[in-house]
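Using the numbering used here, you'd call the opening residue of the sequence shown number 2 and step up by one each time.
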Amino acid sequence: MNIDDHSQVIALRDGGHMHRVCAAQGVSEMQPQLSMRSRGMSQSSSSKITVGQMSDQIPLEAQLDIWVKAVKSKTERQVRARVINIMNLSGAKLVNNHIKINADLDLQDIARLTSLPDNLHVKGNLILRNCEDLKSLPKNLIVDGDLILNGCKSLKKIPQNTIVKGDLDATNSISLDDIASDLSVGRDLYLSGCRALGHVPALPNVRGDIDLTYCTNLQQLGLGFVCKGNLDLDGCHSLIELPDGLIVNGHLYLEQCTALAFLPQQMTLGGYLDITGCTSITELPAWVLQLGPMRSSDNSRGVSLERNVVLTASGLPESLIEQLVDHHAPGLNFIVDLDASQELFQNKIQTRVGHEAEDLLKALRTVPYAPVVIKYEEGRGIDYEGLSRQAFDQAYHQLINSKHSLFVPHKSTGIYSTKVLKPGQVQGTSLIRDAQDLGIIIGRLARLHAGIGYQHEEGFIANLFQSYQYVVSQRSAGQGPRIVTALEALVDTKQRAKWPGVLKEVQPHLYSEETAFQYLKNAPEDEMFDYAVDAAISLGVALGMKQAGMRPIHEEGQFQDRVCGPRDLKALLKNRLGVTAEEGVDPSLVSTLNEWMQRALTNATPPQLKNIMQEMNGSRYVTTSVGSMALHLCKTMPVPHVMFIGHTCSRTIDVSEIEFKKSVDAHQYDGFENAFLNCASKKYELG
2 MNIDDHSQVI ALRDGGHMHR VCAAQGVSEM QPQLSMRSRG MSQSSSSKIT VGQMSDQIPL
62 EAQLDIWVKA VKSKTERQVR ARVINIMNLS GAKLVNNHIK INADLDLQDI ARLTSLPDNL
122 HVKGNLILRN CEDLKSLPKN LIVDGDLILN GCKSLKKIPQ NTIVKGDLDA TNSISLDDIA
182 SDLSVGRDLY LSGCRALGHV PALPNVRGDI DLTYCTNLQQ LGLGFVCKGN LDLDGCHSLI
242 ELPDGLIVNG HLYLEQCTAL AFLPQQMTLG GYLDITGCTS ITELPAWVLQ LGPMRSSDNS
302 RGVSLERNVV LTASGLPESL IEQLVDHHAP GLNFIVDLDA SQELFQNKIQ TRVGHEAEDL
362 LKALRTVPYA PVVIKYEEGR GIDYEGLSRQ AFDQAYHQLI NSKHSLFVPH KSTGIYSTKV
422 LKPGQVQGTS LIRDAQDLGI IIGRLARLHA GIGYQHEEGF IANLFQSYQY VVSQRSAGQG
482 PRIVTALEAL VDTKQRAKWP GVLKEVQPHL YSEETAFQYL KNAPEDEMFD YAVDAAISLG
542 VALGMKQAGM RPIHEEGQFQ DRVCGPRDLK ALLKNRLGVT AEEGVDPSLV STLNEWMQRA
602 LTNATPPQLK NIMQEMNGSR YVTTSVGSMA LHLCKTMPVP HVMFIGHTCS RTIDVSEIEF
662 KKSVDAHQYD GFENAFLNCA SKKYELG
């Protein structure tokens, strides 16, 4: 699996015009995308006479005829004849003793299909979804695309010499209890819900994520187990140990592994660790404290990425948890909610371009503070916060621009103000939820050091700061329900008599002085209604931000920076954006790139600055606490004839030494500036 979360590629051609070539490294656009939570499979016996026992000198038609007649049941013979007809329509040929299918082979939902001919080579996808009577897979099976087996309830075994170059999806193969150790999978392996599976061998030839969630009988993993992507063991209630020396290049998820009492004494981990709900784990090995920050997959950059270790509802003593949360180690965050209930949150969110707000909120409304990892249907990268910044930034803009938005942009300036509503237009519960939804997204962006910019009226941000102070103080005093009571009063016209008192309580910066309070009490009814709605929106957003886990901030300037980012984005970029280079790159090009970059930033317009940030950071704004950002000169690029490739996880834009040198030699600064400043398309896409 590619450890970079997202890449945008821009080619510099045609006198400096920018062309989008591709995105999301590792994406196979022709392959169907499979959800980490939607798979299944199983296998066991084979026919007495198999194609594998025949000579390839026998014509294919004769071989398949023998396979059909190898079963006695008339119904099964009819089923096999139907399969042969589908294979022939898919272009079956006999090549080097393999039955080669030069297309997808779709056999899903075929009842009474118990096996397939041996030595089968499918050039596309092999789809056997819900073949509930399938007992065995072919010997020497090769699938160049995806092998889809979810719902194959009778399948007991994945045999030796099985090669799948795409994903292997065997979700809910409830009889599957044997997996060959030489299984080769080119991408992700999905075994979620395979409840008969008690042991999984080392599987060194699986190249992507391994999903073993809710394999409720799974007790052990094989010695030498190596996962090249994310290893997900959530809900494996019978798992009693992990092998010493376990290697996981991505994230390790162990939510609700309630029988697991210890982590390995020695282990290599590339990403996050989540032991939420591991109630039997009462201590941690030394390597957890020594983890430090994660590293980008491209070691030439040497970029550090913050690592999270989630301890919520584990069996660790409260005193140890407090020490860990207060433990200050560079790039290492211990995360816990001591008040969290045992109703645990599934923290992997799959989304689609254009649907981020809908998908994120559907998952986060229940537990807004929970750690999340974003997975796009259109992309195949691992989320090391770059995908999260992209998704939450997109969600924020979708919410403020939706037809149900609580804000409207000014026609000439584009600055958003709260929508003017009439009493008959306000549905209290909907307004509160919409405000909290926006607050959850803003709070998550703040946690990612990604601001929302200065798109709102300054008065709204000032009121939001004061509302946030109220929320923080009430929650700290154990008066959380008082916030909800205030919100409900502000959106209920039947409680208008309470509005002056509630407004003074939640917005003391406006109404604490006696003259202001007296004016408020005597204000016309429609004016009072406007004040109440505005206050409800600010308070609802503030509550959502705190629920999302944003830390208390008591200084207004710091709050503004954390929520909005710096006022002068250009100055921040000119100060923070550096130039690095691979070993062996011409030093004169490094100097020239720095000079041209600074010149381009000086000339950049505000929209162009947002383009650069979106390409490099994932979100349009950052906070002043953001880490290093760089243009990185590379001797080679994964795509030829391109100038830039952006990596949002490491806040880096790769620059091709070859293409940049062409621009320098041709004195094409204008072309460089045009491509650099306009690198993001108007419609932000992953592919």
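Glycine is no exception: its CB is placed at the ideal position from the N, C-alpha and C atoms.
*Identify which residue in P608, F461, Q519 has its Cα closest to the Cα of D535.*
If we check each option's Cα against that of D535, F461 comes out closest.
*With which residues is Q221 paired in a DSSP beta bridge?*
DSSP output for Q221 lists H200 as bridge partner(s).
*Measure the Cβ-Cβ separation of A171 and L142 and say whether it is below 9 angstroms.*
For the pair A171 and L142, the CB atoms are not nearer than the 9 angstroms cut-off.
*Write down every uninterrupted run of the beta strand (DSSP E) in the stretch 260-342 whose length is 3 residues or greater and which is fully enclosed by it, in chain order.*
Note on the stretch 260-342: whole beta strand (DSSP E) runs with a minimum of 3 residues are 268-270, 308-311, 333-336, in chain order.
*Continuous beta strand (DSSP E) stretch holding Y377: start and end*: From DSSP, the beta strand (DSSP E) with Y377 extends over 374-377.
*Can you tell me which of the three DSSP states P410 falls into?*
Residue state, collapsed to three classes: strand.
*Thinking C-alpha only, which one of L306, P294, L312, K229 is nearest L264?*
The candidate whose alpha carbon is nearest that of L264 is L312.
*Give the DSSP-derived three-state secondary structure of A601 in the structure shown.*
In this structure, A601 counts as helix in the three-state DSSP scheme.
*Consult DSSP for Q561 and reduce its assignment to one of helix, strand or coil.*
For Q561, the three-state secondary structure derived from DSSP is helix.
_Distance between G672 and V326 (C-alpha atoms, nearest Å)_ = About 49 angstroms.
*K166 burial status per 10 Å Cβ neighbour count (16 or more: buried)*: Looking at its Cβ environment, which holds 16 or more other Cβ atoms inside 10 Å, K166 is buried.
*Out of A436, L121, A371, N151, state which residue places its alpha-carbon closest to the alpha-carbon of A314.*
Considering only A436, L121, A371, N151, the residue with the shortest C-alpha distance to A314 is A371.
*Candidates D179, E674, M638, Y469: which alpha carbon is nearest E583's?*
For E583, the nearest C-alpha among the options comes from M638.
*A436, DSSP secondary structure in three states*: DSSP places A436 in helix when its eight states are reduced to three.
*Give a yes or no on whether the C-beta atoms belonging to L65 and P139 are separated by under 9 angstroms.*
No, they are not a contact pair.
*Per DSSP, K423 forms a beta bridge with which residues?*
None; K423 has no bridge partner.
*Under 9 angstroms between the Cβ atoms of D134 and I159?*
For D134 and I159, no; Cβs fall outside 9 angstroms.
*Enumerate in chain order the residues of its own chain whose CB-to-CB distance from D110 is below 6 angstroms, with the five nearest sequence positions on each side excluded.*
Answer for D110: N131, listed in chain order.
*For L95, which residues from the same chain have a beta carbon less than 8 angstroms from its beta carbon, with the 5 sequence-adjacent residues on both sides left out?*
Taken in chain order, the residues that qualify are D57, P60, L61, Q64, K101.
*Neighbour-count burial assignment, T163, 16 or more Cβ in a 10 Å radius*: With 16 or more neighbouring CB atoms inside 10 Å of its own CB, T163 falls in the buried class.
*Cβ-based neighbour list, A487, same chain, cut-off 6 angstroms, excluding 5 preceding and 5 following*: Cβ within range, chain order: V503, V507.
_Need the endpoints of the alpha helix (DSSP H) that A82 sits in, please._
Counted as a single uninterrupted DSSP element, the alpha helix (DSSP H) harbouring A82 occupies residues 75-90.
*Can you say whether T352 is buried or exposed, counting buried as having 16 or more other CB atoms within 10 angstroms of its CB?*
Under this definition T352 is a buried residue.
*E77 to T115, Cα distance in whole Å?*
Each residue's alpha carbon lies about 8 angstroms from the other.
*Nearest-angstrom Cα distance between K376 and E256?*
As the crow flies, the alpha-carbon of K376 is around 18 angstroms from that of E256.
*List the residues that DSSP assigns as beta-bridge partners of Y469.*
Looking at the DSSP output, Y469 shares a beta bridge with no other residue.
*List the DSSP bridge partners of V165.*
V165 is bridged to V144, V186.
_Rounded to whole angstroms, what is the Cα-Cα separation between Q669 and Y622?_
Distance between the alpha carbons of Q669 and Y622 is about 29 angstroms.
*Taking the continuous alpha helix (DSSP H) assigned at D105, which residues delimit it?*
In the DSSP assignment, D105 falls outside any alpha helix (DSSP H), carrying neither H nor E.
*asked:* What does the alpha-carbon distance come out to for the pair E344 and V640?
replied: Only weak support exists for where E344 lies, its pLDDT of 39 falling under 50; the value from the coordinates is given anyway. Looking at the two C-alpha atoms, the distance is approximately 46 angstroms.
*What's the call for V421, buried or exposed, on a 16-neighbour Cβ count within 10 Å?*
Counting Cβ neighbours within 10 Å, V421 comes out exposed, since fewer than 16 surround it.
*Could you give the DSSP three-state label for I646: helix, strand or coil?*
Looking at I646 - three-state DSSP - the assignment turns out to be strand.
*asked:* To the nearest angstrom, how far is the alpha carbon of D183 from that of I613?
replied: Each residue's alpha carbon lies about 45 angstroms from the other.
_At least three beta-carbon pairs within less than 8 angstroms, the stretch 330-337 to the stretch 408-421_ = Contact between the stretch 330-337 and the stretch 408-421 is absent, with fewer than three C-beta pairs closer than 8 angstroms.
_Going by the DSSP bridge assignment, what does S418 pair with across the sheet?_
For S418, which the question treats as bridged, DSSP gives the partners V409.
*Within its chain, find whatever has a CB closer than 6 angstroms to the CB of P501; leave out the 5 residues flanking it on each side and keep chain order.*
The beta carbon of P501 lies closer than 6 angstroms to those of L521, K522 in the same chain, with the five residues before and after it left out.
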